[in-house]
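> Let me give you the structure first, and then I'll get to my questions.
Residue numbers (the numbering used here): 13 to 234.
What follows is the structure, encoded as structure tokens:
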């Protein structure tokens, strides 16, 4: 985010086919709407901070404020003229125990991206650590993410987004216990002040929520 600018985003996603029963003290995810408010402010040309407010709407006592995270992020300044974009995001915070196996956690997310003409590529080899909850004694979990988008027009870009969680670095989970999710996604860029991303995702293992529709709508305040 540019210095002095603030972006407000609403992240919405609905799980058509998720976990039907509670497990390890966590409520089921099937037929649940997640609504997250994200506020990001740019402090310098290379440093921003984001704040998340998580909410969940569903039946069976699943409607509630879920928790909040803070996410400082630094990037290599464009004036350095690196061949790829490089930044580092650190996200930490709290989620209620009935919505997550771990209520206090940290995410370390390196971000490497590149615009190649009309093609945009981004790789996030993410590492997650629990500090309180069922997995607090485990190591860092490797959660790779990847995005590829192609500009069909100046306004419309279509592509794919992959989200995974393989397990602790010293012993990956068996395949069906891992999370592998693929979204077909569209980005609309009709204004420098607005952003819109939407897509539909599929899960490929028993541990992954399936059939998810998501929308991200954001507005930039100067």
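Here a beta-carbon is modelled for each residue, glycine too, at the ideal position from N, C-alpha and C.
1. Since residue 24 contacts residue 227 with CB under 8 Å, what's their CB separation in whole angstroms?
2. Enumerate in chain order the residues of its own chain whose CB-to-CB distance from residue 179 is below 8 Å, with the five nearest sequence positions on each side excluded.
3. For residue 165, count the other beta carbons within 10 Å of its own beta carbon; 16 or more makes it buried, fewer makes it exposed. Which is it?
4. Just to confirm the assignment, what range does the beta strand (DSSP E) spanning residue 111 have?
5. Can you name the residues that DSSP bridges to residue 193?
6. According to DSSP, is residue 33 helix, strand or coil?
7. Within a Cβ cutoff of 7 Å, which residues of the same chain sit near residue 146, ignoring the five residues on either side of it in sequence?
8. Below 8 Å, can you find three or more Cβ-Cβ pairs linking the region 119 to 138 to the region 42 to 49?
9. Could you pull the DSSP bridge partners for residue 28 from this structure?
10. Is the beta carbon of residue 87 sitting closer than 9 Å to the one on residue 59?
11. Going by C-alpha to C-alpha distance, which of 101, 148, 220 sits closest to residue 135?
12. Please report the straight-line C-alpha distance between residue 116 and residue 82, rounded to a whole angstrom.
13. Can you pull the DSSP bridge partners for residue 127?
14. So the candidates are 26, 194, 181; which of them puts its Cα closest to the Cα of residue 160?
Per the coordinate set shown:
1. With a Cβ gap of about 5 Å, residue 24 and residue 227 count as contacting.
2. 153, 154, 185, 189, 190, listed in sequence order.
3. Exposed: under 16 other Cβ atoms inside 10 Å.
4. Going by DSSP, residue 111 is part of no beta strand (DSSP E) at all; its letter is neither H nor E.
5. Per DSSP, 175, 215.
6. Note: residue 33 maps to coil in three-state DSSP.
7. Contacts found: 36, 113, 114.
8. These segments do not touch.
9. The partner list for residue 28 (beta bridge, DSSP) is empty, contrary to what the question assumes.
10. Yes. Within cutoff.
11. Distances from the alpha-carbon of residue 135 to those of 101, 148, 220 put 101 closest.
12. A straight-line Cα-Cα distance of about 12 Å links residue 116 and residue 82.
13. Looking at the DSSP assignment, residue 127 forms a beta bridge with 132.
14. Looking at the Cα atoms, 194 is the closest of the given residues.
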